[in-house]
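Residues in the first sequence are numbered from 4 upward in steps of one, following our numbering.
Where is the CB? At the ideal position from N, CA and C, for every residue including glycine.
What follows is a single structure, written as structure tokens, with notes after it.
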Amino acid sequence: MSPHIYTLTALQAAPLLLGQHVVRRTEDGEIRCRIVETESYGGSEDKGSHAYGGRRTARTEVMFRTGGVAYVYLIYGMYNCVNVVTAAKDDPHAVLIRAVEPLTGYDEGQMAAYRGITVKKPSDLSGGPGKLCRALRIDKSLNGCPLNDPAGPLWLEQGDLPDALDIVQAPRINISYAEEYAQLPWRFYLRGNPYVSVLDRQAQPFRLPKV
DNA sequence: TGGCGGATTCACT
DNA sequence: GTGAATCCGCCAA
Numbered sequence: 004m005s006p007h008i009y010t011l012t013a014l015q016a017a018p019l020l021l022g023q024h025v026v027r028r029t030e031d032g033e034i035r036c037r038i039v040e041t042e043s044y045g046g047s048e049d050k051g052s053h054a055y056g057g058r059r060t061a062r063t064e065v066m067f068r069t070g071g072v073a074y075v076y077l078i079y080g081m082y083n084c085v086n087v088v089t090a091a092k093d094d095p096h097a098v099l100i101r102a103v104e105p106l107t108g109y110d111e112g113q114m115a116a117y118r119g120i121t122v123k124k125p126s127d128l129s130g131g132p133g134k135l136c137r138a139l140r141i142d143k144s145l146n147g148c149p150l151n152d153p154a155g156p157l158w159l160e161q162g163d164l165p166d167a168l169d170i171v172q173a174p175r176i177n178i179s180y181a182e183e184y185a186q187l188p189w190r191f192y193l194r195g196n197p198y199v200s201v202l203d204r205q206a207q208p209f210r211l212p213k214v
């Protein structure tokens with residue numbers, strides 16, 4: 004995948020990451036999936052971001068790195084969430100991966116095995132940040148992992164052309180504490196995709212800016 | 001050092 | 001729709 008995307012702000016990168024492929028390698032083999040839902044957590048002004056106000060702690064330190072690494076954290080004491088860090092060093096931006104879909108039947112089978120539950124509908128498998136981390140066996144040991152290294156445990160590959168995708172945008176999920184920032188339409192997903200975690204009736208079509 | 005709450009999920013009503 | 005699970009990061013004291 005073009006490294007250019009890692010230099011962008013989280014808000015610019017979040018829609019562009021839709022359709023890109025995530026590859027996870029474990030001792031069991033490689034799993035490939037496609038990103039179908041993202042959220043932008045960008046800059047120190049965003050009250051929804053862990054790095055709001057430039058808060059720089061052991062946990063958020065990864066967000067301040069040069070774009071192109073993973074930010075993985077534990078939420079509610081039991082689920083991991085994975086982000087793509089973007090933008091320049093010392094400017095904390097991250098794109099939360101909220102849903103993915105397996106590329107092949109093999110990938111689907113591996114993810115279901117890691118999930119360890121009965122999957123009744125597609126979004127049970129990997130529609131939600133905690134679910135997809137479990138389905139891909141992503142935990143804090145991958146925090147800071149470079150995302151451009153096909154020899155590593157986790158990386159991104161070129162997927163679909165973003166201008167061929169039907170993208171919508173809507174407010175982010177579960178961040179009421181973010182006050183006015185909670186309403187901003189900084190969640191992006193592929194319209195009609197069955198792996199998306201939460202549908203929004205008010206979702207608006209998103210058009211990529213002309214380059 | 002203590003207390004609080006969360007970028008979630010699942011089981012239950 | 002509601003509530004529990006579960007624990008670490010954060011900040012105030």
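Residue environment, GLY70, which counts as buried when at least 16 other CB atoms sit within 10 Å: GLY70 is buried by the Cβ-count criterion.
CA-to-CA distance, PHE191 to ASP93, given in whole angstroms: The straight-line gap from Cα to Cα measures roughly 25 Å.
Integer Cβ distance of VAL98 from LEU135, believed to fall under 8 Å: Here VAL98 is actually not in contact with LEU135; their C-beta atoms are around 13 Å apart, not less than 8 Å.
Distance CB(PRO95)-CB(SER47) smaller than 8 Å: If you check the CB distance, PRO95 and SER47 come in under 8 Å.
Alpha helix (DSSP H) runs wholly inside the region 39 to 99, at least 4 long, in chain order: Here no run is fully enclosed.
The region 197 to 205 contacting the region 112 to 132, beta-carbon criterion three pairs below 8 Å: Counting C-beta pairs with one atom in each stretch, the region 197 to 205 and the region 112 to 132 have three or more that are closer than 8 Å, which means they touch.
Where ASN22 sits in the DSSP three-state scheme: Here the sequence assigns Gly to residue 22, which means Asn is not the residue at that position. Coil.
Rounded Cβ spacing between LEU150 and ALA206 (contact assumed at less than 8 Å): Between LEU150 and ALA206, the beta carbon gap of about 27 Å keeps them out of contact (Cβ cut-off 8 Å).
Any 3 or more C-beta pairs closer than 8 Å across the region 40 to 56 and the region 9 to 24: Three or more pairs of CB atoms, one per stretch, sit closer than 8 Å, so the region 40 to 56 contacts the region 9 to 24.
Boundaries (first-last residue) of the beta strand (DSSP E) holding GLU111: It is not in any beta strand (DSSP E) - GLU111 instead sits in the alpha helix (DSSP H) that spans 108 to 118.
Where the alpha helix (DSSP H) through ARG190 begins and ends: It is not in any alpha helix (DSSP H) - ARG190 instead sits in the beta strand (DSSP E) that spans 190 to 193.
Cα-Cα separation between GLY112 and ASP49, rounded to whole angstroms: Whole-angstrom Cα-Cα distance: 38 Å.
Selection from GLY155, ALA185, PRO212 and ALA167 that minimises the alpha carbon distance to VAL25: Looking at the Cα atoms, GLY155 is the closest of the given residues.
According to DSSP, residues forming a beta bridge with PRO149: Looking at the DSSP assignment, PRO149 forms a beta bridge with VAL72.
Nearest-angstrom Cα separation, counted from VAL87 out to PRO174: About 19 Å.
In DSSP terms, what ALA173 is bridged to: ALA173 pairs with ARG190.
Beta-carbon gap between VAL201 and ILE176 smaller than 8 Å: Cβ atoms of VAL201 and ILE176: closer than 8 Å.
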